[in-house]
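**Q** Just so you know, the sequences run in chain order G, U and E. The first sequence: position 179 = 179 (the UniProt record's numbering), numbered continuously. The second sequence: position 256 = 256 (the UniProt record's numbering), numbered continuously. The third sequence: position 230 = 230 (the UniProt record's numbering), numbered continuously.
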Amino acid sequence: MNMKTLLAAAGLAALTAAGAEAQVKVGMITTLSGGGASLGIDTRDGFMLAIEMAGRDDIEVIVEDDQRKPDVAVQLSDKMIQSDQVDVLTGIVWSNLAMAVVPSATAQGLFYLSTNAAPAQLAGPGCHPSYFSVSYQNDNLHEAAGAHATNAGYENTFILAPNYPAGHDSLNGFKRFYEGGLAGEIYTELGQTDYAAELAQIRASGADSIFFFLPGGMGISFLKQYADSGIDLPVVGPAFSFDQGILQAVGEAALGVNNTSTWSKDLDNAANAAFVEAFQETYDRLPSIYAAQGYDTANLLLSAMDKADIDDTEAFRAALGEADFDSVRGGFGFASNNHPVQDIYVREVIKEGDIFTNKIVGIAMEDRANAYTEECSM
Amino acid sequence: MNREAMLNAAVLLALVAVPGWALWAGEPFTITLATRAVIFALAAVGLNIALGLGGMVSLGHAVYFGVGGYAMGILAWHAQSYTPLVEALAIPGTKSMPVIWLVAVISSALAALVIGVLALRTSGVYFIMITLAFGQMVYFFAISWPAYGGEDGLSIYVRNGFPGLNTLVPVQFYGLCLMVLLAVLALNWRLARSPFGLALNAARQVPQRVETVGLDPTRVKLVALVISGAVTGLAGALFADLNRFVSTTMLSWQMSGEIMVFVIIGGVGRLFGPVVGAGLYVILEHFLGDLSDYWQVFLGLILLAVVLFGRGGLVGIVAGRARTHG
Amino acid sequence: MSPILIAEQVLNGLQFGVMLFLMAAGLTLIFGVMGLINLAHGSLYMIGAFAAAAVAGATGSFLLALGAALVAAALAGAIVELVVIRRLYDKDHLDQVLATFALILIFSEGTRWLFGSFPLYLDIPDWLSGPVTLPGGIQYPLYRLALICVGLLVALGLWLLITRTRVGIRIRAGENDREMIAALGVDIGKLYTLVFALGAGLAGLAGALVGAIQSVQVGMGEPVLILAFVVIVIGGIGSIKGALVGALLVGLTDTLGGIFLPELFKLFTDDAAGATATGSAFASMAIYILMAAVLVWRPTGLYGAKA
Numbered sequence: 001m002n003m004k005t006l007l008a009a010a011g012l013a014a015l016t017a018a019g020a021e022a023q024v025k026v027g028m029i030t031t032l033s034g035g036g037a038s039l040g041i042d043t044r045d046g047f048m049l050a051i052e053m054a055g056r057d058d059i060e061v062i063v064e065d066d067q068r069k070p071d072v073a074v075q076l077s078d079k080m081i082q083s084d085q086v087d088v089l090t091g092i093v094w095s096n097l098a099m100a101v102v103p104s105a106t107a108q109g110l111f112y113l114s115t116n117a118a119p120a121q122l123a124g125p126g127c128h129p130s131y132f133s134v135s136y137q138n139d140n141l142h143e144a145a146g147a148h149a150t151n152a153g154y155e156n157t158f159i160l161a162p163n164y165p166a167g168h169d170s171l172n173g174f175k176r177f178y179e180g181g182l183a184g185e186i187y188t189e190l191g192q193t194d195y196a197a198e199l200a201q202i203r204a205s206g207a208d209s210i211f212f213f214l215p216g217g218m219g220i221s222f223l224k225q226y227a228d229s230g231i232d233l234p235v236v237g238p239a240f241s242f243d244q245g246i247l248q249a250v251g252e253a254a255l256g257v258n259n260t261s262t263w264s265k266d267l268d269n270a271a272n273a274a275f276v277e278a279f280q281e282t283y284d285r286l287p288s289i290y291a292a293q294g295y296d297t298a299n300l301l302l303s304a305m306d307k308a309d310i311d312d313t314e315a316f317r318a319a320l321g322e323a324d325f326d327s328v329r330g331g332f333g334f335a336s337n338n339h340p341v342q343d344i345y346v347r348e349v350i351k352e353g354d355i356f357t358n359k360i361v362g363i364a365m366e367d368r369a370n371a372y373t374e375e376c377s378m
Numbered sequence: 001m002n003r004e005a006m007l008n009a010a011v012l013l014a015l016v017a018v019p020g021w022a023l024w025a026g027e028p029f030t031i032t033l034a035t036r037a038v039i040f041a042l043a044a045v046g047l048n049i050a051l052g053l054g055g056m057v058s059l060g061h062a063v064y065f066g067v068g069g070y071a072m073g074i075l076a077w078h079a080q081s082y083t084p085l086v087e088a089l090a091i092p093g094t095k096s097m098p099v100i101w102l103v104a105v106i107s108s109a110l111a112a113l114v115i116g117v118l119a120l121r122t123s124g125v126y127f128i129m130i131t132l133a134f135g136q137m138v139y140f141f142a143i144s145w146p147a148y149g150g151e152d153g154l155s156i157y158v159r160n161g162f163p164g165l166n167t168l169v170p171v172q173f174y175g176l177c178l179m180v181l182l183a184v185l186a187l188n189w190r191l192a193r194s195p196f197g198l199a200l201n202a203a204r205q206v207p208q209r210v211e212t213v214g215l216d217p218t219r220v221k222l223v224a225l226v227i228s229g230a231v232t233g234l235a236g237a238l239f240a241d242l243n244r245f246v247s248t249t250m251l252s253w254q255m256s257g258e259i260m261v262f263v264i265i266g267g268v269g270r271l272f273g274p275v276v277g278a279g280l281y282v283i284l285e286h287f288l289g290d291l292s293d294y295w296q297v298f299l300g301l302i303l304l305a306v307v308l309f310g311r312g313g314l315v316g317i318v319a320g321r322a323r324t325h326g
Numbered sequence: 001m002s003p004i005l006i007a008e009q010v011l012n013g014l015q016f017g018v019m020l021f022l023m024a025a026g027l028t029l030i031f032g033v034m035g036l037i038n039l040a041h042g043s044l045y046m047i048g049a050f051a052a053a054a055v056a057g058a059t060g061s062f063l064l065a066l067g068a069a070l071v072a073a074a075l076a077g078a079i080v081e082l083v084v085i086r087r088l089y090d091k092d093h094l095d096q097v098l099a100t101f102a103l104i105l106i107f108s109e110g111t112r113w114l115f116g117s118f119p120l121y122l123d124i125p126d127w128l129s130g131p132v133t134l135p136g137g138i139q140y141p142l143y144r145l146a147l148i149c150v151g152l153l154v155a156l157g158l159w160l161l162i163t164r165t166r167v168g169i170r171i172r173a174g175e176n177d178r179e180m181i182a183a184l185g186v187d188i189g190k191l192y193t194l195v196f197a198l199g200a201g202l203a204g205l206a207g208a209l210v211g212a213i214q215s216v217q218v219g220m221g222e223p224v225l226i227l228a229f230v231v232i233v234i235g236g237i238g239s240i241k242g243a244l245v246g247a248l249l250v251g252l253t254d255t256l257g258g259i260f261l262p263e264l265f266k267l268f269t270d271d272a273a274g275a276t277a278t279g280s281a282f283a284s285m286a287i288y289i290l291m292a293a294v295l296v297w298r299p300t301g302l303y304g305a306k307a
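#1: If you measure from the beta carbon of residue 93 (chain G) to each beta carbon in chain U, is any gap under 7 Å?
#2: In angstroms, rounded to a whole number, what distance separates the CA positions of residue 75 (chain U) and residue 95 (chain U)?
#3: Kindly list, in the order they appear in chain U, the residues whose Cβ is closer than 9 Å to that of residue 214 (chain G).
#4: Give me the residue from G:213, G:346 and G:77 with the minimum Cα distance to residue 103 (chain G).
#5: Under a three-way DSSP split, which group does residue 157 (chain U) fall into?
#6: Tell me the residue span of the beta strand (DSSP E) that contains residue 275 (chain G).
#7: Run the CB neighbour count on residue 30 (chain G), radius 10 Å, all protein chains shown included, and call it buried at 16 or more, exposed below.
#8: Any beta carbon from chain U within less than 7 Å of residue 63 (chain G)'s own beta carbon?
#9: Determine, for residue 317 (chain U), whether the minimum Cβ-Cβ distance to residues of chain G falls below 7 Å.
#10: Listed in chain order, which residues of the stretch 269–293 of chain U have Cβ atoms closer than 8 Å to some Cβ of chain G?
#11: Counting only C-beta atoms, is residue 78 (chain G) closer than 7 Å to chain U at any point?
#12: Just to check my reading of the structure: residue 161 (chain G) and residue 187 (chain G) have Cβ atoms closer than 8 Å, yes? What is that Cβ distance to the nearest angstrom?
#13: Count the other CB atoms, across all protein chains shown, that sit within 10 Å of the CB of residue 243 (chain G); report buried if there are 16 or more and exposed otherwise.
#14: Return the CA-CA distance between residue 260 (chain U) and residue 72 (chain U), expressed in angstroms with no decimal places.
#15: Residue range of the beta strand (DSSP E) that residue 166 (chain U) falls in?
#16: Is the stretch 115–129 of chain U touching the stretch 132–142 of chain G, taking contact as three or more C-beta pairs under 8 Å?
#17: Among G:180, G:152 and G:151, which one has its Cα closest to the Cα of residue 379 (chain G)?
#18: Please report the Cβ distance between residue 251 (chain U) and residue 109 (chain U), rounded to the nearest whole angstrom; I am assuming they are in contact, meaning their Cβ atoms lie under 8 Å.
#19: Leaving out five residues on either side along the sequence, give the residues of the same chain with a beta carbon under 6 Å from the beta carbon of residue 138 (chain E).
#20: Taking any Cβ of chain G, which residues in the stretch 30–47 of chain U have a Cβ under 7 Å from it, in chain order?
#21: Please report whether the beta-carbon of residue 74 (chain G) lies at a distance below 7 Å from any beta-carbon of chain U.
#22: Just to check my reading of the structure: residue 73 (chain E) and residue 122 (chain E) have Cβ atoms closer than 8 Å, yes? What is that Cβ distance to the nearest angstrom?
#23: What residue does the alpha helix (DSSP H) around residue 125 (chain G) start on, and which one ends it?
#24: DSSP three-state call for residue 342 (chain G): helix, strand or coil?
#25: Compare the C-beta of residue 143 (chain E) with all C-beta atoms of chain C and state if any pair is closer than 7 Å.
#26: Of all the residues that make up the stretch 95–121 of chain U, which are near chain E by a beta-carbon distance shorter than 9 Å?
#27: Are residue 94 (chain E) and residue 57 (chain U) closer than 7 Å when you measure CB to CB?
#28: Tell me, which residues are paired with residue 65 (chain G) by DSSP?
#29: Can you find a heavy atom of the ligand ATP that lies under 6 Å from the Cβ of residue 166 (chain U)?
#30: For the alpha helix (DSSP H) containing residue 241 (chain U), name the first residue and the last one.
#31: Listing by chain order, which chain G residues have their CB less than 9 Å from the CB of residue 216 (chain E)?
#32: Would you kindly work out how many angstroms separate the C-alpha atoms of residue 135 (chain U) and residue 66 (chain U), rounded to a whole number?
#33: What does DSSP give as the partner residue(s) for residue 181 (chain G) in the beta ladder?
#34: If you reduce the DSSP assignment to three classes, tell me which class residue 335 (chain G) lands in.
#35: For residue 17 (chain G) and residue 377 (chain G), what's the separation of their Cα atoms in angstroms?
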């Protein structure tokens, strides 16, 4: 299946229909092969769904696979900039790939709209007026988990994350809004699959609750082993380990666990209802948070295209900054460093028929921006 | 001129002609792709010195590639953030390619020396696994070491400079990389014919013969491994500059595997084998990726076919049986 | 740190070690008998896990799933041996590395093609789930105890197979003198296929057993493969006994290093978070340092033949 150019532009039609409207070329770099491909596929499908539903023909999207390798991502961005002459880049799932691509792309005058990765460097000193994160700031879900732990009255939490930059950011983000004490704090190996040793430490620590950030397969392993360990404490984590794509692989072990998310499929607003229904109809599966973020990103871009010409950089930046679109997350705006201001919810894993999914049980933080607005001077 | 020499000349001509063709055909990105191929070729030429001349099957060359990359990343990062490299001595970072190359070569040579001293205690399949394991050790250390970005890597916003050139122009950077590759190929050619090269060849085939003339075969191999590591390290520095980014991916064992693939599909022990192999790999990666999301299946099948039916790699297929390798 | 915690961690190290043994045993057997270095051994581990997940999903039976894993991986191993590996025996290690590297690409992306990109579901059966209380008050998951037992039983079975059966005699003969055993009228081709399938089956079994408590996904085999390499380098290539000792050493070093090194670093500094990160960084290198130390002491591993 060749997904390279899904939507060829009908240039003539655009010219006659709306003479002033420029044609926008989007380069999407995302992970479509190897481990982690499910995240990129959802991002792409959500993004494409929005354009299809809007029935737009003045936008062309080129999709390429970064194989989750930074050097390939850089090479693709060079190609899209030099050969395809795209106006906007988007789609990168992983922070390390975003760090490789975003600074040089924005320096070359392109817009970058992040569908997921939003590392602290790009929110603080490295922020840029042409870089917009439509997803969150990386720390947000961890901060919300900290706030939730405080609200729930936990006083002695055990926290763990992999030993790499996103893991450090995660535990720091959690501690920023957690007011209780720590029963323990450990960094595990990246890609670790066996958590027996950590579970033994948790059992011995006398903790009253657990916070963990273990994305992808690590989280699946941890939850299955936790459920089998006989430890019975409340568990909190960010949405990544409870996403629609991997919940089925965790199974019963995830039931009842609380997780923080900016989106959930049962969020009660019209945009979300339309999105969830259309996604299921088109792709025959439930959407994930990555699909939702991809969908919102495309709608943000379309809303800006209606207001300004992309060749007028200043005007287009302003149009993006207004965030004048119906987000599936409900209320949505941008903080001064172009990162979202939004509510962050607490979800609980439930079983609907045969399918494991999430339902919203509360709000952890209202209108949360991020911790780096002060550090960004633009 | 024999067939291998004709093939080499054709490859050389093609490398020189790429930028002209790219500009004429309006495909400027081809130059970036070609630069990638040239840098991979350089890394593979490095491995070929250990593998083709010395018979050392190193499955850990990503270490040197990555060390070279991090030499560039760390120096340029300090220069870009105006922080001193060594606080106590106030040694600053740098954005000058010649200095970075020197540091990359020295540090990857040192890495090769340390690994070589331990790994050359063994041979054959032990050597393969040990080099692989040392590669993993360095990889895991780099991921969890917080100082230089860990898994996020280091982003360098502007490509480093070379006196007299504007390296930001793709053609000029390509020309520079090609010059380095040709210089190293010339060195490789001289090395193979030097007394050291002959001793190394003997150490690969009949170690006893080397001993009888009073040389230590292990030491000869160690020197070859250090040179090999240094060349691959230089390639790493260039690769980091091509991407303006360095991360632990450069240290991963898949990278080691890919460098080895360049050498083998091109032709082990052939002067231009790594160049042909790297070129072919970049072309396959680019065009197969367009055909299918599952392109790696087809890449695997092609590699398998080369091993099973094409002894001596592509250069071997074109030029007939090897003269140097046996 | 209480004695109970330490005892529990030792059990964890043992459990990790016996699972590594299942991987390493096949690798070392294949190398010992056929002289082949097989990078694709991790793919067979993955095939086992995927087969188990598919069968468990369809039938709901964990034992059937284990059987399916064993059979699927052994079958895949036999097919690969007949089609590809057979042509590699008389080639040098370099060609073997490249060919089996190519097999990894084919297996990994092929599996993703068949099963999709999402991780699969495989869980512990009810009759093995939950913790049990051991003497001394240690709470330990029953399933992990079962893993230790299965691993040790397989080790015993392998030992019996190799020392007490006709096939075992042939395998040992094949390790020592290939021409001789062929001259004695043993079908060496059939023996090789059998040994390869046996090694593959063990890897598949390990994949299924471990898959129940971890994530069944594409690429799960490679990290284990590299650890298995470390194990057989430490133990001595070709030696089953070496593989067992090496696997237990690696399992214990990795588990205990991860616990004690961060604690050790905390003794020297007030910066607890920094010490945790640095300690974890060194813990992830511990087994490679162990390997280097063994090599300096004995270049052919603990039980390897003298070069």
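Quick reminder that beta carbons are idealized off the backbone N, C-alpha and C, glycines included.
**A** With the structure as the only source:
#1: It does not; no Cβ of chain U falls within 7 Å.
#2: It is roughly 7 Å from the alpha-carbon of residue 75 (chain U) to the alpha-carbon of residue 95 (chain U).
#3: Within chain U, no residue has its beta carbon less than 9 Å from that of residue 214 (chain G); the closest one is some 14 Å off.
#4: When each option's Cα is compared against that of residue 103 (chain G), the closest is G:77.
#5: DSSP places residue 157 (chain U) in coil when its eight states are reduced to three.
#6: Note, residue 275 (chain G): premise wrong, no beta strand (DSSP E); alpha helix (DSSP H) at 270–283.
#7: The residue is buried, with at least 16 neighbouring Cβ atoms inside 10 Å.
#8: No, no contact with chain U.
#9: For residue 317 (chain U), the answer is no, since every Cβ of chain G falls outside 7 Å of its Cβ.
#10: The residues in question are 289, 290, 291, 292 and 293.
#11: Chain U contact via Cβ: present.
#12: Contact annotation, residue 161 (chain G) with residue 187 (chain G): C-beta distance approximately 6 Å; criterion of less than 8 Å satisfied.
#13: If you draw a 10 Å sphere on the C-beta of residue 243 (chain G), you find 16 or more other C-beta atoms in it, and that means buried.
#14: Roughly 23 Å between the two C-alpha positions.
#15: It is not in any beta strand (DSSP E) - residue 166 (chain U) carries neither H nor E in the DSSP assignment.
#16: No, the stretch 115–129 of chain U does not touch the stretch 132–142 of chain G.
#17: Past the boundaries of the shown model lies residue 379 (chain G); chain G is included only from 1 to 378, so the question cannot be answered.
#18: So it is not a contact: roughly 17 Å between Cβ atoms.
#19: For residue 138 (chain E), same chain residues with a beta-carbon under 6 Å away, outside a window of 5 residues either side, are 4, 7 and 8 in chain order.
#20: Answer set for the stretch 30–47 of chain U: 32 and 36.
#21: Yes, residue 74 (chain G) counts as interfacial toward chain U.
#22: Incorrect: roughly 15 Å between the Cβ atoms, too far for contact.
#23: Element bounds for residue 125 (chain G): n/a, residue is neither H nor E.
#24: Of the three classes helix, strand and coil, the one that applies to residue 342 (chain G) here is strand, per DSSP.
#25: Considering every chain present, this structure includes no chain C. Its protein chains are G, U and E.
#26: So the list reads 118, 119 and 121, given in the order they occur along the chain.
#27: Result yes, Cβ atoms of residue 94 (chain E) and residue 57 (chain U) sit closer than 7 Å.
#28: BP columns for residue 65 (chain G) point to G:30.
#29: Among the components modelled here there is no ligand, and therefore nothing to report on the ligand ATP.
#30: For residue 241 (chain U), the uninterrupted alpha helix (DSSP H) run begins and ends at 217–243, by DSSP.
#31: Chain order gives the chain G residues near residue 216 (chain E) as 217, 220 and 249, where near means a beta carbon separation below 9 Å.
#32: Across the structure, residue 135 (chain U) and residue 66 (chain U) are spaced so that their CA atoms are roughly 10 Å apart.
#33: Under the DSSP definition of a beta bridge, residue 181 (chain G) partners with G:156.
#34: Correct three-state label for residue 335 (chain G): coil.
#35: Only weak support exists for where residue 17 (chain G) lies, its pLDDT of 41 falling under 50; the value from the coordinates is given anyway. Residue 17 (chain G) and residue 377 (chain G) have their alpha carbons spaced roughly 40 Å apart.
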